[in-house]
Amino acid sequence: ETGVTQTPRHLVMGMTNKKSLKCEQHLGHNAMYWYKQSAKKPLELMFVYNFKEQTENNSVPSRFSPECPNSSHLFLHLHTLQPEDSALYLCASRDEAIGSNYGYTFGSGTRLTVV
Amino acid sequence: AQKVTQAQTEISVVEKEDVTLDCVYETRDTTYYLFWYKQPPSGELVFLIRRNSFDEQNEISGRYSWNFQKSTSSFNFTITASQVVDSAVYFCALGPSGGSYIPTFGRGTSLIVHP
Chain U
134 ETGVTQTPRH LVMGMTNKKS LKCEQHLGHN AMYWYKQSAK KPLELMFVYN
184 FKEQTENNSV PSRFSPECPN SSHLFLHLHT LQPEDSALYL CASRDEAIGS
234 NYGYTFGSGT RLTVV
Chain C
2 AQKVTQAQTE ISVVEKEDVT LDCVYETRDT TYYLFWYKQP PSGELVFLIR
52 RNSFDEQNEI SGRYSWNFQK STSSFNFTIT ASQVVDSAVY FCALGPSGGS
102 YIPTFGRGTS LIVHP
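Structure follows, in structure tokens:
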């Protein structure tokens, strides 16, 4: 266990479904991230939250909707997805305080398949 | 613009062989951080090391060693006496100095260690 927990580990959903991915960290980190990892493509940053405020949205389609209710929890709400959205969705957290090692702590990811 | 190149897509070795994973980067920043992460089959990326650009001392941690050469913009990673458990995808990443940066990841090198 890395300290960042993602649920579910696997998810199969139809294109008309609505589902949510959950990420939780109790490391005291102040920044949380959603990344998408597709086969044969680089890691894609989707969203960044610092102290619960969204600071970055990398042109992500509106069918992906993040939510950060507090500094320990991050959600990714999914609706009307497309088959090309099938990927591993990784959550990460980091302590952005000066003196930290600035490395990410990643969760194990949610393997999403859209059918 | 920042760029990280991991030219080796996949490396296959036999247990106990030494293996070096290459990482070449491009940046206009004068100070920056370099990272290596390991992604085992379980999915999560595991932070291995952070290197400051002003510290060119090589680092060794057990069977792992890192060679930072600022003159060639490279930050190579060597595993000595590889083991089957080293099989994973390894990512090199580059980020500007300061807490709120977003790192640029390479595409990763898949290392397969055969028994």
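The listed protein sequences correspond, in order, to chains U and C. With my numbering applied, the first sequence covers 134 to 248. With my numbering applied, the second sequence covers 2 to 116. Every residue, glycine too, gets a C-beta built ideally from N, C-alpha and C. What you are looking at is a predicted structure, and each value in this text was computed from that prediction instead of being measured.
Residues of chain U whose Cβ lies closer than 8 Å to the Cβ of F78 of chain C do not exist, since the nearest Cβ in that chain is about 15 Å away. Within the DSSP bridge table, the entry for E200 of chain U names U:F208 as partners.
For L46 of chain C, the C-beta contacts it makes with chain U under 8 Å involve L223, A225, Y237 and F239, in order along the chain.
Annotated three-state conformation of E217 of chain U is helix, per DSSP.
Here the C-alpha atom of D19 of chain C lies approximately 47 Å from the C-alpha atom of H212 of chain U. Listed in chain order, the positions of the region 27 to 60 of chain C with a beta carbon within less than 9 Å of a beta carbon of chain U are Y34, F36, Y38, Q40, S43, G44, E45, L46, V47, F48, L49, I50 and R51.
Under DSSP, Q40 of chain C takes part in a beta bridge, and its partners are C:V90. F106 of chain C is classed as buried because its beta carbon has at least 16 other beta carbons within 10 Å across all chains shown. Within the same chain, V47, L49, A89 and Y91 come within 6 Å of K39 of chain C by CB-CB distance, once the 5 residues on both sides are set aside.
In terms of Cβ geometry, V193 of chain U and S219 of chain U do not form a close pair [threshold 8 Å].
A straight line joining the alpha-carbon of R244 of chain U with that of K155 of chain U spans about 12 Å.
Neighbours of I113 of chain C in chain U, taken as residues whose beta carbon is under 9 Å from its own, are absent, since the nearest beta carbon is some 16 Å off. Under the DSSP assignment, K173 of chain U falls outside any beta strand (DSSP E); it carries neither an H nor an E label.
In chain order, P175 and L176 make up the part of chain U whose C-beta sits under 8 Å from the C-beta of F106 of chain C.
Contact annotation: the region 55 to 69 of chain C touches the region 78 to 85 of chain C, with at least three C-beta pairs closer than 8 Å. Between I103 of chain C and chain U, the shortest Cβ-Cβ separation is below 8 Å.
Contact with chain C is absent for T140 of chain U, since none of that chain's Cβ atoms lies less than 8 Å from the residue's Cβ.
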